[in-house]
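Trainee: One structure is given below, represented as structure tokens, and several questions about it will come after.
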Amino acid sequence: MYKELKGIGQPKDENAVWRYMSFEKFANVLATGSLFFTRADKYDDKFEGYIPETTTLPHKPEDNPPVNRDDSNFRQYIMCNCWHHGKEESMGMWDKYHLRNSGIAIKTTMGNLKNSLLDEPAEPDVFIGKIEYINNHNQIKMPEDIRNLLYYPYFYKRKPFEYEQEVRAIIDIASISGDAAYEFGRPLKIDVKTLIGENSEVIVSPHAEKWVTRTLELIVERCGFPFPVNPSRLLDPPV
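Note that the working numbering gives residue 1272 to position 215 of the sequence shown, counting from 1, and the numbers run on in steps of one.
See the structure below:
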């Protein structure tokens, strides 16, 4: 379920957030009722989760090693699911994810995203926040609550990534029994009808042919979901 992380900003509940993905990954969302969270150490940006030099790190008991600033062993337990924050559809996001022919975008609201997360004992808490873009990682504002210290760096990125306007959901599976063996990440159960609920729609890539939209409409209908599927209008000719 959603859990607030104090000190991390986020869009208002009514604000739009977008998840760009392939046709296949969207079909998987419908079929499994889940969102996939990727291990933080699998991203290309090596600064993901980096703890600033100015931060004093707590030490564990003597029989355990201290936490390292670039501890990849810890980063394999932090998993992320990334969204775009903005009022309008973004051509830059279609291009970033190479979704020219059969890409899908879920357009929903921040409130729908939070409410779609299920309160189940077997699932970890989910922290959600807007990424803050900074010039260097010593500008990260670390929390007073030491229990959350290792989560905060995942809500900061360097300025060159600012075009992404990212909203990020993260989970920590370190304390969940049996969850240590995920090679790339793990799915998290959600309520799809809540995620793509009021004020939501599914948009098909502006480069996709008409049959892609129609096929997706049929899949959504046969899965019993009520939400609309619409073609992108970004490349429509001027009227």
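The beta-carbon is built from N, C-alpha and C at its ideal position, and this holds for glycine as well.
Below 8 Å CB to CB, which residues in the same chain sit around ASN1169 once its five sequence neighbours on both sides are set aside?
Mentor: Contacts found: THR1251, LEU1252, ILE1253, GLY1254, GLU1255, ASN1256 and SER1257.
Trainee: Using a 10 Å radius around the Cβ and a threshold of 16 neighbouring Cβ atoms, would you call HIS1141 buried or exposed?
Mentor: Answer is buried; the Cβ neighbour count reaches 16.
Trainee: Would you mind stating whether TYR1134 and HIS1194 have Cβ atoms separated by less than 7 Å?
Mentor: No, the Cβ-Cβ distance between TYR1134 and HIS1194 is not below 7 Å.
Trainee: Round the Cβ separation of GLY1160 and TRP1151 to the nearest angstrom and send it over; I've been treating them as touching at under 8 Å.
Mentor: So it is a contact: roughly 6 Å between Cβ atoms.
Trainee: Identify, in the order they occur along the chain, each residue of the same chain with its Cβ nearer than 6 Å to the Cβ of ASN1172, setting aside the five sequence neighbours on each side.
Mentor: THR1251.
Trainee: Near ILE1247, which residues of its chain fall below 7 Å by C-beta distance, leaving aside the five closest residues on each side in sequence?
Mentor: Only GLY1090, SER1091, LEU1092, SER1173, LEU1174 and LEU1175 meet the Cβ criterion.
Trainee: Quick one: give me the first and last residue of the alpha helix (DSSP H) that ARG1279 is part of.
Mentor: Element bounds for ARG1279: 1267 to 1279.
Trainee: With a CB to CB cut of under 8 Å and the five nearest residues on each side skipped, what residues in its chain are close to VAL1259?
Mentor: Contacts found: PHE1083, ILE1161, ALA1162, ILE1163, LYS1164, ILE1253, LEU1273, VAL1277, PHE1284, PRO1285, VAL1286 and ASN1287.
Trainee: Assuming the contact rule is C-beta atoms closer than 8 Å, LEU1245 and PHE1094 should be a hit. Round their C-beta distance to whole Å, please.
Mentor: That pair is a contact at about 6 Å.
Trainee: Kindly indicate the opening and closing residues of the beta strand (DSSP E) around MET1078.
Mentor: Element bounds for MET1078: 1073 to 1079.
Trainee: So what's PRO1244 in DSSP terms, helix, strand or just coil?
Mentor: DSSP places PRO1244 in strand when its eight states are reduced to three.
Trainee: What number of angstroms, rounded off, separates the C-alpha of PHE1241 from the C-alpha of ILE1191?
Mentor: Cα to Cα, PHE1241 sits roughly 27 Å from ILE1191.
Trainee: Taking only three categories from DSSP, how would you classify PRO1217?
Mentor: Three-state DSSP puts PRO1217 in a helix.
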